Structure formats: C-alpha cells, structure tokens
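Enquirer: Quick one: this structure, given as structure tokens, is what I'll be asking you about.
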Amino acid sequence: MFRAAFRAGSVDAVYLRFASADVNEIARAARTMQFHGFNITSPYKERILPFLDDMDEAARRSGAVNTVVLRNGRLTGFNTDVEGVREALLRHGVTLRGKRALVLGAGGAARAAALALVSRGVSVTLMNRTIKRAQKIAAAFSCRVAPVEVIPREMENTDILISCISEGRSMVPRDCLTRDLVVLDAHYREESPLKRDATAGKCTVIDGREWLLFQGAGAFRHFTGQEPPVSAMRRALYDDGACAKKNIALIGFMGTGKSAVGRHLAENLKMAHIDIDDEIERKSASSITDIFRDLGEASFRRMEERQIDAAAGTSGTIISCGGGAVLNAANVDRLRDSATVVWLNAGVGTILQRVGDDWSRPLLDVQDRRSEIEKMLRLRTDHYARACDLVINTDGKRPEEVAGRIQDEISTSL
Ligand code: S3P
C-alpha cells in the first residue's frame, strides 16, 4: 500500500517490513539504519512510548502510537488509528454526532475507536470478556461498559457496531444485525463470521481494510508532508494477488548469513534450497574466485542472472542470492515476481567478523577490508531496501534464530 502511495505521489522512498520481537532493537535500528519513519503494531504500540521524544494529542490521549517519524535525531509518535477509524466511517457517509456505538474488545484498536467516537459526540458502550480491561478504557474516555451477556439488549440501542476482537466466532447473535446498523469489523484478514452475518442482515458493512487504509493515509501525511493518494493506496490494499508468493529469496551483503539461514529455512519449511553461488560453481565447474580471476566480474554477473532466472522459475524454493545480485534490475524484478524477498542486514563489525579470514570472496580480497565494506554498503543499501519485502537485522543472532523470525513473520503477515 505504501509503495503504491509513494509511486502515485512521486515520493522517492521505500516501505518495508522490519522483522523484530524487540522494541529496543526497533528504536535503535530506526536510528542506525536512518529510517525516515515507521509504523508499529501490537504489542509495541504502548511499549514504544519510553523511546519517544514527543507525541501528538491522539497518541497522548490513547496511550498508544502506531506511527513514528524520525527527524533531526528526534522520534515523534502519532496515533493515526484514531483518525483512521473516524475517516473509514465518515467517508462511507456515516454521520457521528448524537449516535450510539457499541465497541467490542479492549485492546489498542478498541481504545482508538472509543477515543475517535467519543471526541465526535458519539455515546460509546464498551464490551469485553474481561470486563476490567473495558472499564479502564471507559474511565479514560468517559464511555459506558456493559457485560457481554446483555448484547441483544444493547444492540437494540446501537447505531454503529465496531468489533475489535480477533475471534473467529461472532459475539453478536445474527438476528441483532439488521438494516439500520453500521458494522465495521477491524479484523480484515479473512471474511469474518460477523461480516458475513451483517451482510446477510443487510447492515451497512464497512470493510476493516478501510480503517487500515485511512490510518495508513494519516501515516503517509506524517512521513511525507503530502496529501495521501487514497485511491492508489486502496487499489494496492485490495489487490490480493500482491501476497502469497511461492518462493522465499534471501538477499543482503556478504557475511549476513544468506546461505546458512537458507539451509535452516528450507529444512524447517520443507522447501527446496538453491544457493545461487553454489549453482554457478556447479554449472561452470569452477570456483567463484576462479571465475572472477579468469573471466572477470561481468561474466560472473551474466551467470548469476541466468541462475536467478532459473531459480525464480521454480516454486517452493528458498533462494539464497549472492551479495551483488540486487545491483542488476532484471534480477530484482525476477525475484520480486516469484518470491517474498527478505533482506538480511548486518553492521560492518558483524560482517567483518563473519567473513573473518576467509579470503575466497574476490571483492573483499583487499588491504583495507573495513573501508571496502563501508564503501560497498553505501552503494548497495538502497538496492537491498528497494528489492525487499522484509528486513531482518542479524547482528548478534544465530542463523537458526534468524530463520525462526522469518518463519514467524511470513506465517503471520506476508
Ligand atoms: C558477491 C557476493 C558473493 C558472490 C560474489 C560476489 C557480491 O556472494 O556472489 O563473490 O558482489 O557481493 P555472498 O554474498 O554469498 O558471499
């Protein structure tokens, strides 16, 4: 969605997913990798607060942040979930003032919905299985709380139903979902039972992706200072074909662990593994070092392109690429068409340590390796960022840990 927005708005930027289970690492990486900004999701929306230098009003009131902008070394947090849910309703012709809403759930999304509605004159009732959590939100935003047992009675007095629970089963009986009701289910990944029942009951159903879209539009505004190209973003968001690629490609600088991580991933996911450098050596019956020395880098790059083309034509394969593969636009196009592309990132210190006294890499056969690596990283980082869907920082992580994190990310979101 963001990539489409940047294209439509002629913004020279990339948006990628950062794989991490550690909020410290995220805040640190934002600075060292010089992000311009980032979005964060549960459970980090609250945990990021201690790392911020400043916050906007919605973030302060909701106690949660989903958008962070890094400018002049300062991290500023915003909460665009609040405007996101409001816009999703308003843009679909729902008037708010004086209406009654029932919000199900008590997590970050429910908080944002409650705040968005209360501040527009909606009278909000919250419901959650653990009532204590709902009471906490209610106290902060002056809403009512009702126990889940009285849903049918509450529904009689509800104009807008917002579900912020991720359960597969709908909490709302089917016969409560009738024509005059507006229903927004924040759970947008698949067709939810609530959405199905609400559609059957002829309610006004607003797709959960509209909330995702408008929180993204708000983030775009903070990142770029420009008005968001909403239609281009919506088209990208609803394009299901953009997901579920058949291969996984690993890219990144020498020494970031592409081959070792690839082996672990292949074993864990029961997928095939193609290491492009190994393929080149096998097909040419000579080593990379010899190819560089005898035929030159240009010949090596032609062989690399051929092997990437062949690997991208397979399916169910982990493809470990050589560090320079992304310099060739044809390779990037081919990989992006066929694979979820994962960038293994590492700092210079880690790279130096990992390549150690292995002198078989022709491009690192130089006196001052540190400066050479720094120079190459300056030239390549942008290529890695533009080519990938997901980035993972590998400093201090073993290959099996990196593989595990990639698996988690791919199974939950890509
Ligand atoms: C190269 C990286 C090497 C190999 C060749 C060129 C590069 O692969 O393809 O020496 O340009 O960075 P690894 O990244 O697997 O070491």
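The opening position of the sequence shown corresponds to residue 1498 in my numbering, with each subsequent residue numbered one higher. We put the beta carbon where it would ideally sit given N, CA and C, even for glycine. As the structure is a computational prediction, the values presented were derived from the model and not from experiment.
#1: For residue 1541, is the classification buried or exposed, using 16 other Cβ atoms within 10 angstroms of its Cβ as the cut-off for buried?
#2: Unbroken beta strand (DSSP E) runs of length 3 or more, entirely within the stretch 1502–1527: which are they?
#3: For my contact list, residue 1600 and residue 1621 are in at a C-beta cut-off of 8 Å; report their separation, rounded to the angstrom.
#4: If distances are taken between C-alpha atoms only, which option among 1509, 1900, 1880 and 1513 comes closest to residue 1886?
#5: Just the C-alpha distance for residue 1877 and residue 1618, rounded to the nearest angstrom, thanks.
#6: Mind checking residue 1735: buried by the 16 CB within 10 Å criterion, or exposed?
#7: Using a Cβ-Cβ cut-off of 7 Å (strictly less than) and excluding sequence neighbours within five positions of residue 1871, which residues of its own chain qualify?
#8: Measuring straight from C-alpha to C-alpha, what distance separates residue 1768 and residue 1744?
#9: Kindly identify the DSSP beta-bridge partner or partners of residue 1713.
#10: Could you tell me which residues DSSP puts in a beta bridge with residue 1552?
#11: Should residue 1902 be listed as close to ligand 1, given that the test is whether its C-beta is under 7 Å from any heavy atom?
#12: Look at the alpha carbon of residue 1849 and the alpha carbon of residue 1858, and state the distance between them as a whole number of angstroms.
#13: What would DSSP say about residue 1639, mapped onto helix, strand or coil?
#14: Sorted by chain position, which residues of the same chain lie with C-beta nearer than 8 Å to residue 1500's C-beta, five sequence neighbours on each side aside?
#15: Three or more C-beta pairs under 8 Å: does that hold for the stretch 1891–1905 against the stretch 1756–1774?
#16: Assuming the contact rule is C-beta atoms closer than 8 Å, residue 1565 and residue 1534 should be a hit. Round their C-beta distance to whole Å, please.
#17: Measuring CA to CA, which of 1652, 1766 and 1751 is closest to residue 1774?
#18: Is DSSP giving residue 1605 helix, strand or coil here?
#19: Where does residue 1744 fall in DSSP's three states?
#20: Would you say the beta carbon of residue 1796 is closer than 7 Å to some non-hydrogen atom of ligand 1?
#21: Could you check whether the stretch 1828–1842 touches the stretch 1779–1797, counting it as contact only if at least three pairs of C-beta atoms, one from each stretch, sit closer than 8 Å?
#22: Taking only heavy atoms of ligand 1 into account, decide whether any of them is closer than 7 Å to the Cβ of residue 1860.
#23: Going by DSSP in three states, residue 1654 sits in which element: helix, strand or coil?
#24: When the Cα atoms are used, what is the spatial distance from residue 1719 to residue 1536?
#25: Do the CB positions of residue 1623 and residue 1647 come within less than 8 Å of each other?
#26: Please determine whether the Cβ atom of residue 1820 lies at a distance below 7 Å from any heavy atom of ligand 1.
#27: Output the distance between the C-alpha atoms of residue 1571 and residue 1517, rounded to the nearest integer angstrom.
#28: Just to confirm before moving on: does the CB-CB distance between residue 1613 and residue 1583 stay below 8 Å?
#29: Drop a sphere of 10 angstroms on the beta-carbon of residue 1521, count the other beta-carbons inside from all chains shown, and report buried for 16 or more, exposed for fewer.
#30: Taking the CB atoms as reference points, tell me whether residue 1723 and residue 1563 lie closer together than 8 Å.
#31: With a Cβ-Cβ cutoff of 8 Å, do residue 1668 and residue 1702 count as a contact?
#32: Specify, as a first and last residue, the run of the alpha helix (DSSP H) that residue 1759 falls within.
#33: So what does DSSP say about residue 1708, is it helix, strand or coil?
#34: Is the beta carbon of residue 1771 sitting closer than 8 Å to the one on residue 1778?
#35: Cα-Cα, which of 1551, 1677, 1568 and 1554 is closest to residue 1598?
#36: Taking DSSP as the reference, what is the three-state secondary structure of residue 1750?
Expert: Quick answer:
#1: In the sequence shown, residue 1541 corresponds to position 44, counting from 1. Residue 1541 is buried by the Cβ-count criterion.
#2: 1514–1516
#3: As a first step, residue 1600 must be located in the sequence shown, where it is residue number 103. As a first step, residue 1621 must be located in the sequence shown, where it is residue number 124. Right, their Cβ atoms sit about 6 Å apart.
#4: Translated into positions along the sequence shown, residue 1886 becomes position 389. It is 1513.
#5: As a working mapping, residue 1877 is identified with position 380 in the sequence shown. As a working mapping, residue 1618 is identified with position 121 in the sequence shown. Those two C-alpha atoms are separated by around 52 Å.
#6: Taking the sequence shown and counting its residues from 1, the one referred to as residue 1735 is at position 238. Result: exposed.
#7: As a first step, residue 1871 is located in the sequence shown; it is residue number 374 there, counting from the start. 1845, listed in sequence order.
#8: Here residue 1768 refers to the residue found at position 271 when the sequence shown is read from its first residue. Here residue 1744 refers to the residue found at position 247 when the sequence shown is read from its first residue. The alpha-carbon atoms of residue 1768 and residue 1744 are separated by roughly 9 Å.
#9: Within the sequence shown, residue 1713 is the residue found at index 216, counting from 1. Looking at the DSSP assignment, residue 1713 forms no beta bridge with any residue, so it has no partner.
#10: Here residue 1552 is taken as the residue at index 55 of the sequence shown, counted from 1. DSSP lists 1574 as partners of residue 1552.
#11: Residue 1902 sits at position 405 when you count from the first residue of the sequence shown. False, no ligand heavy atom lies under 7 Å from that Cβ.
#12: Here residue 1849 refers to the residue found at position 352 when the sequence shown is read from its first residue. Here residue 1858 refers to the residue found at position 361 when the sequence shown is read from its first residue. Residue 1849 and residue 1858: Cα-Cα distance of roughly 12 Å.
#13: By one-based count along the sequence shown, residue 1639 stands at place 142. Residue 1639 falls in the coil class under three-state DSSP.
#14: Against the sequence shown, residue 1500 aligns to sequence position 3. Closer than 8 Å at Cβ, skipping near neighbours: 1511, 1512 and 1733.
#15: yes
#16: Looking up residue 1565 in the sequence shown gives position 68. Looking up residue 1534 in the sequence shown gives position 37. Sure, about 6 Å apart at Cβ, within 8 Å.
#17: As a first step, residue 1774 is located in the sequence shown; it is residue number 277 there, counting from the start. Checked all of 1652, 1766 and 1751; the closest Cα to residue 1774 is 1751.
#18: Residue mapping note: residue 1605 aligns to position 108 of the sequence shown, counting from 1. Note: residue 1605 maps to helix in three-state DSSP.
#19: Numbered from its first residue, the sequence shown carries residue 1744 at position 247. Strand at residue 1744.
#20: Reading the sequence shown from its first residue, position 299 is the one you call residue 1796. The answer is no for residue 1796.
#21: no
#22: As a working mapping, residue 1860 is identified with position 363 in the sequence shown. Yes; taking the cut-off as 7 Å, the Cβ of residue 1860 has a heavy atom of ligand 1 nearer than that.
#23: Within the sequence shown, numbered from 1, the residue matching residue 1654 stands at position 157. In the structure shown, residue 1654 sits in coil (DSSP, three-state: anything other than H, G, I, E or B).
#24: Numbered from its first residue, the sequence shown carries residue 1719 at position 222. Numbered from its first residue, the sequence shown carries residue 1536 at position 39. When rounded, the distance between both Cα atoms is 11 Å.
#25: In the sequence shown, the residue the question calls residue 1623 occupies position 126. In the sequence shown, the residue the question calls residue 1647 occupies position 150. Against a cut-off of 8 Å, the Cβ pair of residue 1647 and residue 1623 comes out as no contact.
#26: For this step, residue 1820 is matched to residue 323 along the sequence shown. Yes, ligand 1 has a heavy atom inside 7 Å of this Cβ.
#27: If you number the sequence shown from 1, residue 1571 lands on position 74. If you number the sequence shown from 1, residue 1517 lands on position 20. Between residue 1571 and residue 1517, the C-alpha separation is close to 21 Å.
#28: For this step, residue 1613 is matched to residue 116 along the sequence shown. For this step, residue 1583 is matched to residue 86 along the sequence shown. Cβ distance < 8 Å, so residue 1613 and residue 1583 count as in contact.
#29: By one-based count along the sequence shown, residue 1521 stands at place 24. The residue is exposed, with fewer than 16 neighbouring Cβ atoms inside 10 Å.
#30: Position 226 of the sequence shown, counting from 1, holds the residue named residue 1723. Position 66 of the sequence shown, counting from 1, holds the residue named residue 1563. For residue 1723 and residue 1563, no; Cβs fall outside 8 Å.
#31: For the purposes of this step, residue 1668 is taken as the residue at position 171 of the sequence shown. For the purposes of this step, residue 1702 is taken as the residue at position 205 of the sequence shown. Not closer than 8 Å, so no.
#32: One-based indexing of the sequence shown puts residue 1759 at position 262. That run of the alpha helix (DSSP H) goes 1755–1766.
#33: Mapped onto the sequence shown, residue 1708 falls at position 211. Of the three classes helix, strand and coil, the one that applies to residue 1708 here is helix, per DSSP.
#34: Stepping through the sequence shown from its first residue, residue 1771 is reached at position 274. Stepping through the sequence shown from its first residue, residue 1778 is reached at position 281. Not a contact, by the Cβ cut-off of 8 Å.
#35: Position 101 of the sequence shown, counted from the start, is the residue given in the question as residue 1598. The candidate whose alpha carbon is nearest that of residue 1598 is 1677.
#36: As a first step, residue 1750 is located in the sequence shown; it is residue number 253 there, counting from the start. Here residue 1750 sits in coil by DSSP.
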